[in-house]
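Here's the structure we're looking at; comments come further down.
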Amino acid sequence: MKIITLNVNGIRSAANKGFFQWMPAQQADVICVQELKAQPDDMTPEMKAPDGYHGYFHCADKKGYSGVGIYSRHEPDNVIEGVGIPEIDAEGRYLRADFGNLSIISIYLPSGSSGEHRQAIKFFFMAQFFPILKGLAQCNREVILCGDWNIAHKEIDLKNWRANQKNSGFLPEERAWLTAVFDELKLIDVFRKIEPSPEQYTWWSNRGQAWAKNVGWRIDYQIATPTIADKATHAAIYKQERFSDHAPLIIDYDHRL
1 MKIITLNVNG
11 IRSAANKGFF
21 QWMPAQQADV
31 ICVQELKAQP
41 DDMTPEMKAP
51 DGYHGYFHCA
61 DKKGYSGVGI
71 YSRHEPDNVI
81 EGVGIPEIDA
91 EGRYLRADFG
101 NLSIISIYLP
111 SGSSGEHRQA
121 IKFFFMAQFF
131 PILKGLAQCN
141 REVILCGDWN
151 IAHKEIDLKN
161 WRANQKNSGF
171 LPEERAWLTA
181 VFDELKLIDV
191 FRKIEPSPEQ
201 YTWWSNRGQA
211 WAKNVGWRID
221 YQIATPTIAD
231 KATHAAIYKQ
241 ERFSDHAPLI
251 IDYDHRL
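When the letters of the sequence shown are read in order and numbered with the UniProt record's numbering, they come out as residues 1 to 257.
This is how it looks when you write it as structure tokens:
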């Protein structure tokens, strides 16, 4: 089983940059996407259901904003949109697809970088989402949460960590929350389980020459329950082409959907 996650920063923009030509060639079983910035009516048939894939989406109420999606070769047994909290679901941040005893979730945590108001919303999301994560961790299902969590966990996970300790995405409270996800809930950062080396990033600012100089952040994850995490065999960040300011995170699992 191959799973890809990518924040597309606008599904139409990613399409124009060749994402839907690249995607089928990867032969992934599931592709999770975030930040669609589109409603279903804005999307072409190719965007909704690329050749060989079923497409499912949870869009934000606000046009041109947020939204998550899942593309799957196999039709899921069940699809769940949202978490049942109106303030969160209005922003289109959670979509779950069930395949037998495995749930694959496309998740997009808020960014707090635009100001204190959005940081407060991010903290609200984190507080509300932790019990949901706890429920997933204890539900006797295998779960893989794929997406942009907008938090770099450790110093190894961003280039300029010293300068960013007071900035959204690397605040002590955010990092402690993610540590609790791993340590208390026993969920696994699958990429880090396989790849311990530094300078492995999934997002680069458009300012300066961040991409050229690899001044990045690792804020996109596949976070999984232990049994399925143990089946991960290979992880990679795809950087040969650029479809957005994020890079696709690709992980192979010794598991058949």
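Every residue gets a Cβ at the ideal spot worked out from N, C-alpha and C, and that includes glycine.
* **Gln209 versus Gly216 - alpha carbon distance** => Computed Cα separation, rounded: 10 Å.
* When Arg73, Ile228, Leu136 and Val8 are compared against residue 306, the one with the closest alpha-carbon -> Nothing can be reported for residue 306: it is not among the residues displayed for the chain, which extend from 1 to 257.
* Asked: For Asp41, which three-state DSSP category applies?
  -> Three-state DSSP puts Asp41 in a helix.
* To do: With Gln128 as the anchor, note down where its alpha helix (DSSP H) starts and where it stops.
  => Glu116 to Ala137
* Which whole-angstrom value is the C-beta distance of Leu158 and Ala152, which I expect to be below 8 Å? -> Cβ atoms of Leu158 and Ala152 come within 8 Å of each other, at about 4 Å.
* With a Cβ-Cβ cutoff of 8 Å, do Cys59 and Ser106 count as a contact? -> no
* Asked: Which partner residues does Thr225 have in the DSSP bridge list?
  -> Beta-bridge pairing links Thr225 to no other residue.
* Just checking my contact of Lys122 with Gly112 at CB under 8 Å: how many whole Å lie between their CB atoms? -> 4 Å
* **Ala235 and Ile251 closer than 8 Å at C-beta** => yes
* Buried versus exposed, by CB contacts within 10 Å (16 or more), Ala92 -> Reading off the sequence, residue 92 comes out as Gly, not Ala. With 16 or more other Cβ atoms within 10 Å, it is buried.
* To do: Going by CA-CA distance only, name the one from Pro24, Ala90 and Gly55 that's closest to Phe125.
  => Ala90
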